[in-house]
Amino acid sequence: MRLRGLSVFWLVLSAWGVPPPEGRQIWSFRPLMKTEPGKTIDSLLASGSAAAAAKLTLMRRAYFDLTGLPPTESEARAFLADRAPDAYARLIERLLASPRYGEHWGRHWLDVARYAESTGADEDHRYPHAWRYRDYVIDAFNRDLPYDQFIREQIAGDLLPAEDGASVNTRGIVATGFLALGPKLIAEQDKVKMFYDIVDEQIDVTGKAFLGLTIACARCHDHKFDPILTTDYYALASIFASTKQLAKLEGTVSELYVSPLVDKPAAEAWLGYKKKVADKQKEIDEVVGRESARYRETVAPRLADYMMAAWEKRSNAAGLDPAVLEKWVKYLEPGQDRRPQLEAFQNATDKAAAARQYQMQFLAAMEARKDKSRKFQAGDDRFYSDVAGGPFGLPKEKRGDEAAKLEAELKKLKDAQPADPPLACGVAEGEQVEQRVFVRGNPESKGEAVSKRFPIVLAGRDQAPITTGSGRRELAEWVASPRNPLTARVMVNRIWQWHFGEGIVKTSSNFGVLGARPTHPELLDFLAAKFIESGWSVKAMHRLIMSSTAYRQHRGNGRRLQVEEMRDALLTIDGSLDPAMGGTTQSGVGTDKEFSDDRKTQDPDRSTRRLVYLPLRRSNLPSLLNLFDFGDATTSCEGRPSSNVAPQALFMMNGPFVEARARGLVARLTGSDAERVEQAHWRVLSRPASASELRDGLNYVAHFPGARELAWTSFARSLMASNEFLYVH
Amino acid sequence: MLPFLSRRAMLRQTACGFGLMGLSGLMAASSGESREPHFTPRAKRVIFLFMHGGPSHMDTFDPKPLLTRDHGKPLPFKRPLTFAEGQTGSLFKSPWEFKQHGQSWLPISELFPWVAKRADDLCVVRSMVGDSVAHGGAVLQLHTGSNTFTRPAMGAWFVYGLGTENRNLPSYITIKPGLSHGGAKNWSSGFLPAQFQGTAIGHGGVSIDELKQPIEHLRNTGLTPVQQRYELDMIQKQNRAHRERFQSDPELDARIQAFELAFRMQAEAPESFDLGRESDATRKLYGMDEAATRDFGWQCLMARRLAERGVRFIQINHEYGPGNEVGWDAHSELIRLHTKTARMVDRPIYGLLTDLKSRGMLDDTLVCWSGEFGRTPISQAGDGRDHNPYGYSMWMAGGGVKAGFAYGATDDYGYYAVENRMHIHDLHATMLHLCGMDHKRLTYFHGGRHHRLTDVAGEVATKVLA
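The listed protein sequences correspond, in order, to chains L and F.
Quick note on the numbering used here: the first sequence kicks off at 405 and runs consecutively.
Quick note on the numbering used here: the second sequence kicks off at 34 and runs consecutively.
Okay, structure coming up:
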């Protein structure tokens, strides 16, 4: 955080004394307005009476809005044929009950939660268990977990009792992935800065996601626009700083924390066993080290002989071990690279004398290294470390009985090792910190002490003190309270936005001074009150919104499908979508080699699972996601833009994925040519073909300048590439 | 705030990144033109040679005789935080000789015999400073100005400011970028609109031989052009009928245009990427006739072709990877690793500078060469050097910089920049200035405030301007 840029304006204001935060209330901090009885979404919108959308248009809208998928041909035909007055209401119930609903709405929330499965920086270390959080979110939407509980679990689920009375609240622990899976720079060497960057990231995501506030702006100075003080920021920082974020902070690369999803004794037993294995390995290393040294002593006096024999390529030198000699030959072979440690030998005219010189140096280095009080490094004598670890390294068969015995014991230990318990990417209670304000965000420059509390402007000065634990539990309760004026407003606005493309407040993660004002404040408060009244039921909000005339009317402006909808819909069209839910398809833990191609996230072209289930590596999102405005999965995302660039057209025209879907669709078409054209329209566009479209389709195939099979594939692709497919109206 | 965002982009600004891949210059018609600069630019385009890993400045462009004299002694002043604490050793002289080159007598070490021939074109900055001692933060800071997260890459800022010259090509291309240390964050548009994102050609660690298409989806493998036109006519017919039904949506029009643009582009763009059209002599100039320099030569020659065709910001990356090992990141075995890595890039860079000059392009092309930091004058692990963001060297050439010139200085040993310090923010400000942009006025409103590439810092180093 650099601070030189405080505006003059702000300095002047500070000098005058800024009014206390309580005096600077903004619209979103006021309690919810009471709505007159009898009001409805439509009366509050006062939107006039546009024509209702056509039945099939509305059906397609409802399918994509709730499940992110189009109807199948038979579902679409059945709905068209259903003339009962409650056909639409039943459709909504059916879609809300479908597991596909949670996959789609869970994905919306994952945007807000900046969900991804790696740290993003350094070597992009994996979060191998983060997928459990993704599955938790999908399940929460499917089971209509009350939103206030959803908040509590994500902030402090590890501190809540398990629903079923179990000793471990596994679901709650998994839910704290919300805090744990943010971007991190774990190879940062300034460990204090690193730790407070993690804390800052959590304040940022928590503030934006639940409260629509950019609290993290107050890290270095009081918020420039909103009445959030630096002391408010550090009071919250104190909560997250008292939370366990890392297994180990120290070290070049800090170690990520994983939460075992078993009770304490089982977790301790697991860790204990792991330590036993590690201890045994250490024992082996010590013995092998000793044996290596002993072996080195025996061969070192013949180093010059080996060197000369190898140089002269003699394979039958007297008294020399042929296997060792072979290694020497290899070592001395000239390569592309410069090896300064061998240059004296390579350049010597009297090789034998040079070899003797190398031997003397080696013996001296070997002697020097017996001094355990000194620390030696590989490059202190590169020749020594090359040879000791190479040609003169201890051959496996000479490791001795003790090492063999220990290795057998290790194998036994490993064979009997219980499987890892299920693990989660979560947080836990940490050591309690005495937090001070960091003046201008600099941890070196400590200001006044702050105790754990919530921003004064919202929670007042008279707050119950937080005396035990990190305070996350209290924070969760305060955020999830019906009295918090922001929480319900922010969420109903998000739900509205995900239905209509735009929120009542256009800046759905910024309800502060610089955010937009609500276009319909009364409507926003009406929805927020209904939301709380319904027991924070998200599904109840869908019913309320989708039954309004406003939702059901004809829409000129469509919304482009988001990338998941587009791809998953294409897989639905050719019948290849795999409905399997949950789990991970990412293997391995830790990181890849720095230059590894494996770092690439799994290619969505090669999977038929829903896109929400594919792993997300922050450093290398699949190009498909980048192409269609997925975002960067690094900061909380309030909404996806809808860009229009030619490469998107290239994806449709030339991409192998679209071509495969087109072929797949053609393979499923049956009957006469006319019937096939008709089916293709139903499958891609969820409607019958008009008479002229039917004629065009038949003409297209008949006059295609190429083979008939190709003609059909091309025709299918033309429907998939059309705007009508890509937009929902 | 510059005036050249399209109306739609203005409307669509949101709080998340916009995505990273794509032929970014190819937006709908409104954003295609070049923009008005803040003042007369000296450079029209930038070619940035990124030396991932951090080349040692004491061994390349910043001779340190006192380091040679005091070799083996302890560092006589307080050592700052290093990356590998606990492996540090004593002062470690450069194993390479420096000679003065050209009419400018610019000292360059024997690691760069070819680049040394172009000494009179170089403006060496010996006083670079960054804030991060680890690659993760340092690479991000060089590329985005921020050593934490989610800022647009410098290339995105440049094309946001400069606009595009060729609508059939992306205006920002990065050639073989690495996937570690931020990966795609280093060429992302961050919160800038997606059209400004970098387009990657291949990536680090993967040989040019394995590159099937320079850009994804540029070629249709199943249809002839005639068949594809036939199909496209059908798509457009459907699109027009669809638009008739929803007349109020201009986005649908724009998408119809985008298909035509894509169709033209796939016919015209491949020529730009086809190095087969270059003569043997040119390929040789870039070292493409030798195994060690072939890949980097290919990257440099590709950069020149793209520069000729109006691409505004081109980054050439020397990456870690198979055959490159850890590249410049010589924590140990400095001699072996730097010899090898310098050899890979030396002749191709000479070829690039020479070729640009002979085509009259060096005057309005700003070429930059830099790592994410330099290396320590004290040894690490006996025969290597650790990361050093406190003082290091980079150089610029062409594009309005003083040629045959050395700017700034580090201390006697090369640890800290002490004279005319040039922070990464200052470098960004200076580069923007050379391209006719005021870094304080090139802003974008996002998340509640106006952002700049240089955040709240940055000063133009006026002494390096020709």
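The C-beta atom is built at its ideal place from N, Cα and C for all residues, glycine as well.
May I ask which residues mark the beginning and end of the alpha helix (DSSP H) holding residue i?
i	result
N897 (chain L)	P889 to F904
D929 (chain L)	P925 to E937
L633 (chain L)	Where L633 (chain L) is concerned, there is no enclosing alpha helix (DSSP H), given that its DSSP letter is neither H nor E.
R786 (chain L)	R786 to G793
D1100 (chain L)	A1095 to H1107
Q765 (chain L)	K755 to A772
According to the neighbour-count rule (16 or more other Cβ atoms, all chains shown, within 10 Å of its Cβ), is residue i buried or exposed?
i	result
N201 (chain F)	buried
R518 (chain L)	buried
T73 (chain F)	exposed
D929 (chain L)	buried
P247 (chain F)	buried
M764 (chain L)	exposed
F842 (chain L)	buried
W138 (chain F)	exposed
L675 (chain L)	exposed
Is the distance from the Cβ of residue i to the Cβ of residue j below 7 Å?
i	j	result
Q235 (chain F)	K218 (chain F)	A small correction: the amino acid at residue 235 (chain F) is Gly; Gln does not occupy that position in the sequence shown. In this structure, K218 (chain F) does not lie closer than 7 Å to G235 (chain F) by Cβ.
G211 (chain F)	G237 (chain F)	yes
T115 (chain F)	D419 (chain F)	yes
P98 (chain F)	P140 (chain F)	no
S240 (chain F)	F229 (chain F)	no
L810 (chain L)	E687 (chain L)	yes
R504 (chain L)	T461 (chain L)	no
S89 (chain F)	G783 (chain L)	no
G169 (chain F)	H214 (chain F)	yes
With residue i as the anchor, note down where its beta strand (DSSP E) starts and where it stops.
i	result
V691 (chain L)	Counting along the chain, V691 (chain L) falls outside any beta strand (DSSP E), though it belongs to the alpha helix (DSSP H) covering K668 to V703.
L265 (chain F)	Careful: L265 (chain F) lies outside any beta strand (DSSP E), inside the alpha helix (DSSP H) at P258 to R278.
K132 (chain F)	F131 to H134
S137 (chain F)	Careful: S137 (chain F) lies outside any beta strand (DSSP E) and carries neither H nor E.
If we define contact as Cβ-Cβ less than 7 Å, is residue i a contact residue for chain F?
i	result
Y1104 (chain L)	yes
A1125 (chain L)	yes
G793 (chain L)	no
S458 (chain L)	Looking at the sequence itself, residue 458 (chain L) is Ala, so the reference to Ser does not match. It does not; no Cβ of chain F falls within 7 Å.
T635 (chain L)	no
N888 (chain L)	no
G1110 (chain L)	yes
N897 (chain L)	no
V1132 (chain L)	no
D356 (chain L)	Outside the displayed range of chain L (405 to 1133) lies residue 356 (chain L), so it cannot be described from this structure.
P869 (chain L)	no
P489 (chain L)	no
E998 (chain L)	Bear in mind that the predicted position of E998 (chain L) carries a pLDDT of just 49, short of 50, making it unreliable; the figure below should be weighed with that in mind. E998 (chain L) counts as touching chain F.
F1055 (chain L)	yes
So does residue i have its beta carbon nearer than 6 Å to some heavy atom of the ligand GTP?
i	result
A944 (chain L)	This structure lacks the ligand GTP, and indeed carries no ligand of any kind.
Who does residue i pair with in a DSSP beta bridge?
i	result
T232 (chain F)	F:I206
C156 (chain F)	F:M429 and F:F438
H484 (chain F)	F:Y477
I347 (chain F)	F:I80 and F:I206
L498 (chain F)	F:V434
T398 (chain F)	F:R78
F842 (chain L)	L:K850
S663 (chain L)	L:A828
G354 (chain F)	F:E358
Shorter than 7 Å from the beta carbon of residue i to some beta carbon of chain L?
i	result
T271 (chain F)	Here the sequence assigns Gln to residue 271 (chain F), which means Thr is not the residue at that position. True, the Cβ-Cβ gap to chain L drops below 7 Å.
R345 (chain F)	no
K373 (chain F)	yes
S213 (chain F)	yes
L108 (chain F)	no
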